[in-house]
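Numbering (my numbering), first residue to last: 67 to 519.
Cβ coordinates follow ideal geometry from the N, Cα and C atoms, glycine included.
A short worksheet on the structure shown next.
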Amino acid sequence: MKLKYILIAVGALIVLLIVGKVTGVIGGDQAEKVTIEKTKTRNIIETVTASGKIKPETEVKVSSEVSGEVVELRVKEGDIVKKGQLLFRIRPDVLKSGLDRASATYSAQKASVGSAAQQLKQAEANFVNQEAIYKRNVELFKKKVISVSEYDAAKAAYVTGKTNLDGAKQSLVAAKYNLAQTGAGVQEASANLAKATVFSPVDGVISKLSVELGDRVLGTAQFAGTELMRISNLNTMEVNVDVNENDINRVNVGDNAAIQVDAFDDKKFKGVVTEIASSSKDIAVAATTVDQVTNFVVKVRISADSYTGIKGGAKDLPSPFRPGLSATVDIESSSVKSLSVPIMAVFVEGLKKDAGKEDNGDKEEDPAAGKQKSKLNDKAIKQYVYTYADGKVKKVEVTTGIQDDKYIQIKSGLKEGTEIVSGPYSTVQNKLKDGMKVEKDIKDQSVSKSEKK
Numbered sequence: 067m068k069l070k071y072i073l074i075a076v077g078a079l080i081v082l083l084i085v086g087k088v089t090g091v092i093g094g095d096q097a098e099k100v101t102i103e104k105t106k107t108r109n110i111i112e113t114v115t116a117s118g119k120i121k122p123e124t125e126v127k128v129s130s131e132v133s134g135e136v137v138e139l140r141v142k143e144g145d146i147v148k149k150g151q152l153l154f155r156i157r158p159d160v161l162k163s164g165l166d167r168a169s170a171t172y173s174a175q176k177a178s179v180g181s182a183a184q185q186l187k188q189a190e191a192n193f194v195n196q197e198a199i200y201k202r203n204v205e206l207f208k209k210k211v212i213s214v215s216e217y218d219a220a221k222a223a224y225v226t227g228k229t230n231l232d233g234a235k236q237s238l239v240a241a242k243y244n245l246a247q248t249g250a251g252v253q254e255a256s257a258n259l260a261k262a263t264v265f266s267p268v269d270g271v272i273s274k275l276s277v278e279l280g281d282r283v284l285g286t287a288q289f290a291g292t293e294l295m296r297i298s299n300l301n302t303m304e305v306n307v308d309v310n311e312n313d314i315n316r317v318n319v320g321d322n323a324a325i326q327v328d329a330f331d332d333k334k335f336k337g338v339v340t341e342i343a344s345s346s347k348d349i350a351v352a353a354t355t356v357d358q359v360t361n362f363v364v365k366v367r368i369s370a371d372s373y374t375g376i377k378g379g380a381k382d383l384p385s386p387f388r389p390g391l392s393a394t395v396d397i398e399s400s401s402v403k404s405l406s407v408p409i410m411a412v413f414v415e416g417l418k419k420d421a422g423k424e425d426n427g428d429k430e431e432d433p434a435a436g437k438q439k440s441k442l443n444d445k446a447i448k449q450y451v452y453t454y455a456d457g458k459v460k461k462v463e464v465t466t467g468i469q470d471d472k473y474i475q476i477k478s479g480l481k482e483g484t485e486i487v488s489g490p491y492s493t494v495q496n497k498l499k500d501g502m503k504v505e506k507d508i509k510d511q512s513v514s515k516s517e518k519k
């Protein structure tokens with residue numbers, strides 16, 4: 067009797083196992099839980115992100131034209147100066163001695179000019195006398211009143227007098243030229259002495275001071291000279307950023323930009339691209355460094371109205387930004403209002419295995435989005451999304467366009483309102499297959515930064 071009950075129980079258990087297997091309760095694949103969103107039209111703004119340093123748009127480097135010791139320094143770093151204001155003086159002793167020597171030489175040469183003028187007058191008087199004697203002797207010689215020797219003596223005296231007169235004239239001209247030369251020497255020595263006193267060439271702020279009282283500096287007359295200070299106009303500030311060669315063609319003068327300065331936490335400032343370098347900043351070393359990253363300098367002016375009321379820097383300065391502060395710039399390279407999906411919803415078939423290796427979990431954090439955004443930059447590779455219907459997913463090829471930090475433009479392949487799988491990232495990239503059953507997890511529709519704009 068016991069055996070009969072045991073066999074019945076075993077048979078019932080086998081039937082239950084078979085039914086469970088057939089229905090998928092036992093041994094069936096567990097449905098992947100996925101996030102579902104609907105395609106939607108959004109404003110997408112594509113940006114080029116780059117980092118750099120804040121600098122004044124106008125900055126003047128001040129050096130001394132003469133060498134010597136700094137004996138007077140009238141400013142310190144951070145001072146506001148006006149054009150023509152005294153900045154510093156170089157010890158003038160040697161320069162003053164040079165001016166004294168030049169002045170003495172000029173005075174001596176001036177006396178030489180006076181002496182040459184007197185000699186010219188004397189030569190002119192002698193010549194007039196010799197000329198009169200010669201003319202009188204010519205008449206007497208014709209009348210045979212004087213001898214040939216007397217006539218020859220008178221003629222020789224006349225020629226000598228004329229030669230002496232011409233020589234006196236040339237001596238005076240030479241003396242005047244020498245006087246002009248020594249006069250120029252006086253002016254040069256005087257100018258050099260004046261260069262020992264340096265005034266501000268522009269209005270601005272002493273943004274950098276590289277010299278102290280008593281330092282000896284090299285003038286610009288010798289090589290490049292010593293940079294003593296920098297005067298900056300802090301009314302207009304800019305960020306000089308390095309843009310990679312892969313992104314530089316997407317940036318244009320006049321593009322708007324959002325600027326985040328490390329020193330001001332999460333505050334964002336407005337800017338505009340004002341200048342793009344024509345050549346790479348690394349062109350000089352490109353030939354010697356095989357793996358050299360090629361960057362182009364892009365200048366972004368910070369809009370003054372975006373930091374009105376922001377505290378920072380010295381209270382008397384027009385800008386809260388100090389030269390040299392680090393900043394990150396998002397340059398708005400293009401924008402479009404178009405159908406879009408989350409970036410992480412799009413995958414590239416050939417790179418799905420790599421995506422699985424890159425991500426260790428189901429996190430939908432920005433690093434994963436960054437990796438995906440980088441992959442989708444190559445529009446030549448076929449791209450897909452998974453649509454959702456009746457508990458299953460379907461792989462659909464799409465054509466994409468520009469993208470922002472969250473969403474990517476869909477040019478073709480989907481219609482507005484279509485339900486698509488938006489996450490988790492590793493599930494979309496590595497686990498899902500065409501026709502696979504999934505468990506729907508509806509995600510609240512969040513608003514992206516581009517939608518707010």
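Gly489 - containing beta strand (DSSP E), residue span: Taking the sequence shown and counting its residues from 1, the one referred to as residue 489 is at position 423. That run of the beta strand (DSSP E) goes Glu485 to Gly489.
Give every residue of the same chain whose Cβ lies closer than 7 Å to the Cβ of Lys519, excluding the five residues on either side of it in the sequence, and list them in chain order. Numbered from 1 along the sequence shown, position 453 holds the residue referred to as residue 519. Low per-residue confidence applies at Lys519: pLDDT is 42, beneath 50, and the placement is therefore not dependable, though the value from the model is reported in the following sentence. Asn109 and Ile111.
Report yes or no: do the stretch 279 to 298 and the stretch 368 to 377 share at least 3 C-beta pairs separated by less than 8 Å? no
Rounded to the nearest angstrom, what separates Leu139 and Asp321 at their Cα positions? The residue labelled residue 139 in the question sits at position 73 within the sequence shown. The residue labelled residue 321 in the question sits at position 255 within the sequence shown. Roughly 43 Å separates the two Cα atoms.
Using a Cβ-Cβ cut-off of 7 Å (strictly less than) and excluding sequence neighbours within five positions of Val542, which residues of its own chain qualify? Missing from the structure shown is residue 542; the chain here goes from 67 to 519 and no further.
Within the same chain, show all residues whose beta-carbon is closer than 6 Å to that of Ala168, passing over the 5 residues directly before and after it, in chain order. In the sequence shown, the residue the question calls residue 168 occupies position 102. Excluding sequence neighbours, Ala168 sits near Gly251, Val252 and Ala255.
Considering only their Cβ atoms, is the gap separating Ser488 from Pro408 smaller than 7 Å? Taking the first residue of the sequence shown as position 1, residue 408 is located at position 342. Taking the first residue of the sequence shown as position 1, residue 488 is located at position 422. Cβ distance < 7 Å, so Pro408 and Ser488 count as in contact.
Ordered along the chain, which non-local residues of its own chain (more than five positions away) have a Cβ less than 7 Å from that of Gly422? Translated into the one-based positions of the sequence shown, residue 422 becomes position 356. Residue placement at Gly422 is flagged as unreliable, the pLDDT there being 43, under the threshold of 50; a coordinate-derived value is accordingly withheld.
I need the DSSP call for Arg388, collapsed to helix, strand or coil. Indexing the sequence shown from 1 puts residue 388 at position 322. Note: Arg388 maps to coil in three-state DSSP.
Who are the near neighbours of Gln326 in its chain, counting only those whose CB is closer than 6 Å to its CB and skipping five residues on each side? Counted from its first residue, the sequence shown places residue 326 at position 260. Lys334 and Thr394.
From the DSSP output, in three-state form, read off Asp396 for me. Your numbering for residue 396 matches position 330 in the sequence shown. Asp396 falls in the strand class under three-state DSSP.
Determine the DSSP secondary structure at Glu304, reduced to helix, strand or coil. By one-based count along the sequence shown, residue 304 stands at place 238. In this structure, Glu304 counts as strand in the three-state DSSP scheme.
Decide yes or no for the touch test of the stretch 261 to 271 against the stretch 123 to 137: beta carbon pairs closer than 8 Å, at least 3 of them. yes
What is the DSSP secondary structure of Asp420, reduced to helix, strand or coil? Within the sequence shown, the letter at position 354 stands for residue 420. Model confidence at Asp420 stands at a pLDDT of 48, short of 50, so the residue's coordinates are unreliable and nothing is read from them.
Under 7 Å between the Cβ atoms of Asn258 and Leu153? Counting from 1 along the sequence shown, the entry for residue 258 is found at position 192. Counting from 1 along the sequence shown, the entry for residue 153 is found at position 87. No.
Below 6 Å CB to CB, which residues in the same chain sit around Tyr217 once its five sequence neighbours on both sides are set aside? Taking the first residue of the sequence shown as 1, we reach residue 217 at position 151. Once the five neighbours on either side are set aside, the close Cβ partners of Tyr217 are Asn203 and Phe207.
Return the Cβ separation of Glu123 and Asn299 in integer angstroms, given the expectation that the two are a contact with Cβ distance under 8 Å. As a position in the sequence shown, residue 123 is number 57, starting the count at 1. As a position in the sequence shown, residue 299 is number 233, starting the count at 1. Correct: roughly 7 Å between the Cβ atoms.
Roughly how many angstroms separate the alpha carbons of Ser478 and Thr302, rounded to a whole number? Locating residue 478 in the sequence shown gives position 412, where the first residue counts as 1. Locating residue 302 in the sequence shown gives position 236, where the first residue counts as 1. Roughly 45 Å separates the two Cα atoms.
Cut-off 8 Å between Cβ atoms - residues of its own chain near Ile80, not counting five sequence neighbours on either side: On the sequence shown, position 14 is the one that residue 80 refers to. Contacts found: none.
Please name the residue, chosen from Val214, Lys201, Tyr224 and Lys149, that lies closest to Ala189 on a Cα-to-Cα basis. For the purposes of this step, residue 189 is taken as the residue at position 123 of the sequence shown. Of the listed residues, the one whose Cα sits closest to Ala189 is Tyr224.
Span of the alpha helix (DSSP H) holding Ile199? Taking the first residue of the sequence shown as position 1, residue 199 is located at position 133. Where Ile199 is concerned, the enclosing alpha helix (DSSP H) stretches over Asp159 to Lys208.
State the Cα-Cα distance for the pair Ala323 and Arg367, rounded to the nearest angstrom. One-based indexing of the sequence shown puts residue 323 at position 257. One-based indexing of the sequence shown puts residue 367 at position 301. For Ala323 and Arg367, the distance between alpha carbons rounds to 9 Å.
Got a sec? Which residues, its chain only, sit under 8 Å from Leu165 by beta carbon, not counting five neighbours each side? The residue you call residue 165 lines up with position 99 of the sequence shown. For Leu165, where only same-chain residues beyond five positions count, the Cβ hits under 8 Å are Val252, Ala255, Ser256, Asn258 and Leu259.
Coarse secondary structure for Leu498, derived from DSSP in three states: The residue given as residue 498 occupies position 432 in the sequence shown. Correct three-state label for Leu498: coil.
Can Tyr454 and Ser406 be called in contact, C-beta distance under 7 Å? If you number the sequence shown from 1, residue 454 lands on position 388. If you number the sequence shown from 1, residue 406 lands on position 340. No, Cβ-Cβ distance for Tyr454 and Ser406 is not below 7 Å.
Taking the beta carbon of Glu103 as the centre, do at least 16 other beta carbons fall within 10 Å, making it buried, or is it exposed? What you label residue 103 is simply residue 37 of the sequence shown in a count that begins at 1. Per the 10 Å Cβ criterion, buried.
What are the partner residues of Arg296, as DSSP defines its beta bridges? Looking up residue 296 in the sequence shown gives position 230. Arg296 pairs with Lys127 and Lys274.
Decide if Gly134 is buried, meaning its Cβ has at least 16 other Cβ atoms within 10 Å, or exposed. Along the sequence shown, read from residue 1 onward, the residue named residue 134 stands at position 68. Classification of Gly134: buried, given that the 10 Å Cβ count is 16 or more.
I need the straight-line Cα distance from Val91 to Val504, nearest angstrom please. Start at 1 with the first residue of the sequence shown, and residue 91 comes out as number 25. Start at 1 with the first residue of the sequence shown, and residue 504 comes out as number 438. Its pLDDT being 49, under 50, Val91 is placed unreliably by the model, and the measurement read from it follows with that caveat. Going by the C-alpha atoms only, they are around 15 Å apart.
Other residues of its chain near Thr340: CB distance less than 6 Å, five sequence neighbours each side excluded: Numbered from 1 along the sequence shown, position 274 holds the residue referred to as residue 340. Lys365 and Arg367, listed in sequence order.
What do you get for Tyr200, buried or exposed, if any count of 16 or more other CB atoms within 10 angstroms of its CB means buried? One-based indexing of the sequence shown puts residue 200 at position 134. Flag for Tyr200 reads buried.
Rounded to whole angstroms, what is the Cα-Cα separation between Thr105 and Gln475? Sequence index remark: in the sequence shown, residue 105 carries index 39 (1-based). Sequence index remark: in the sequence shown, residue 475 carries index 409 (1-based). Their Cα atoms are separated by approximately 10 Å.
Gly249, DSSP secondary structure in three states: The count along the sequence shown starts at 1 and reaches residue 249 at position 183. Helix at Gly249.
Spatial neighbours of Gln151 within its chain, please: CB distance less than 7 Å, with the 5 preceding and 5 following residues excluded, ordered by chain position. The residue given as residue 151 occupies position 85 in the sequence shown. Counting only Cβ-Cβ distances below 7 Å, and skipping sequence neighbours, we find Phe265 and Ser266.
The stretch 173 to 187 / the stretch 275 to 286 touching (three or more Cβ pairs under 8 Å): no
Val412 classed as buried or exposed, judged by whether at least 16 other C-beta atoms fall within 10 angstroms: Your numbering for residue 412 matches position 346 in the sequence shown. Its Cβ being crowded by 16 or more others within 10 Å, Val412 is buried.
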